[in-house]
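Okay, so the sequence shown: first residue is 1 according to UniProt numbering, each after it adds one.
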Amino acid sequence: MTTFAKIRDVREKGGRQLVIVEFDEPMPKYQLEKMSPEIEIQLHDGRRKSPGQNKLIHALLNEITVAYVGSSTSIQRKIDLEYTKSTMKAMFADELGRNSFSVGKANMTEATDFIEYLINFCIREGIELKNRDMYKDYNLQHWSFCCLIHGKCAISGVKQGVEKHHAKNLVGMGRNRRNLDHLDSYFISLSAVYHEEAHKLGWTDFSKKYHVECVKLSAEWIKKLGISK
Numbered sequence: 001m002t003t004f005a006k007i008r009d010v011r012e013k014g015g016r017q018l019v020i021v022e023f024d025e026p027m028p029k030y031q032l033e034k035m036s037p038e039i040e041i042q043l044h045d046g047r048r049k050s051p052g053q054n055k056l057i058h059a060l061l062n063e064i065t066v067a068y069v070g071s072s073t074s075i076q077r078k079i080d081l082e083y084t085k086s087t088m089k090a091m092f093a094d095e096l097g098r099n100s101f102s103v104g105k106a107n108m109t110e111a112t113d114f115i116e117y118l119i120n121f122c123i124r125e126g127i128e129l130k131n132r133d134m135y136k137d138y139n140l141q142h143w144s145f146c147c148l149i150h151g152k153c154a155i156s157g158v159k160q161g162v163e164k165h166h167a168k169n170l171v172g173m174g175r176n177r178r179n180l181d182h183l184d185s186y187f188i189s190l191s192a193v194y195h196e197e198a199h200k201l202g203w204t205d206f207s208k209k210y211h212v213e214c215v216k217l218s219a220e221w222i223k224k225l226g227i228s229k
């Protein structure tokens, strides 16, 4: 099995080097006891995709698999996960205009692009994400942008009654919408309830409370989303 961990300390004892690691997720003691005491350690050199990125990719692929297949046996889940992985890789490669894409050979930039592609896919398709905050926090601005273009609330994920909030360079309060250059504004899509709360708290306090960020939009996206109207 493969798991992820961080090196917390390196010590010398009796001429040997001891490495203390912290697992990302706790492993049951009985599970550790039944395994061989010998382990293989693969150190990350900072150029290839990180263990954290690899964890995110597989978590997202698993969420997509569960959304489309549902509960199944462990063997069937593994088969379905491999199918999801090959399908999403092919779709991603096609969007890039490439013949193929390898997760195993991906560098950090390619891994980031693939993660953001998967996040955008999940938001667009309305997939309920078990680890929603983890994906959101990977790139707050990308999350907010995807929610904006797909009409989803950046906090709750709902689609009904979602409004575009001018978080900075605000519209209203004496400002004329028709004469305002929306290229100067920062936006985030929120449900009516969160939109009202954002106005009451002010953007600084609201963004800290819910750990979200607003984004600028290009002229093309402002037109597509009907913001200039």
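Glycine included, C-beta positions come from ideal geometry on N, C-alpha and C.
Alpha carbons only, please: which of the options is nearest the one belonging to residue i?
i	options	result
leucine 81	Ala90, Thr65, Ser74	Thr65
histidine 150	Glu125, Met108, Val10	Glu125
lysine 85	Glu63, Ser74, Val158	Glu63
tyrosine 186	Phe114, Leu217, Thr204	Leu217
serine 156	Asp184, Leu183, Ser100, Ile123	Ile123
isoleucine 39	Gly104, Val19, Trp203	Val19
tyrosine 210	Thr109, Pro51, Ser144, Tyr30	Ser144
arginine 47	Thr204, Thr109, Leu118, Val215	Thr109
isoleucine 119	Gly104, Ala154, Asn99	Ala154
valine 215	Asp9, Phe121, Cys146	Cys146
Alpha carbon to alpha carbon, what distance is there between residue j and residue i?
i	j	result
lysine 55	lysine 152	25 Å
phenylalanine 92	lysine 200	41 Å
histidine 195	glycine 226	18 Å
aspartate 94	aspartate 184	34 Å
methionine 173	isoleucine 222	Here the model assigns methionine 173 a pLDDT of 45, short of 50, so the residue's position is not dependable, and the following value carries that caveat. So the alpha carbons of these two residues sit roughly 21 Å apart.
isoleucine 79	glycine 52	23 Å
leucine 96	alanine 111	13 Å
serine 74	alanine 59	16 Å
tyrosine 117	histidine 182	26 Å
lysine 224	aspartate 133	28 Å
lysine 159	tyrosine 135	19 Å
lysine 168	lysine 208	15 Å
glutamine 17	phenylalanine 23	19 Å
arginine 77	alanine 219	43 Å
asparagine 131	aspartate 9	29 Å
Is the separation between the beta-carbon of residue i and that of residue j shorter than 8 Å?
i	j	result
valine 21	lysine 34	no
lysine 49	alanine 90	no
leucine 61	methionine 88	yes
phenylalanine 206	glutamate 197	yes
serine 191	leucine 148	no
isoleucine 57	isoleucine 127	no
Using a C-beta cutoff of 8 Å, does residue i count as contacting chain B?
i	result
glutamate 128	No chain B is part of this structure, which consists of one protein chain only.
_I want to know whether the segment 157–166 touches the segment 136–144 - three or more CB-CB distances under 8 Å._
no
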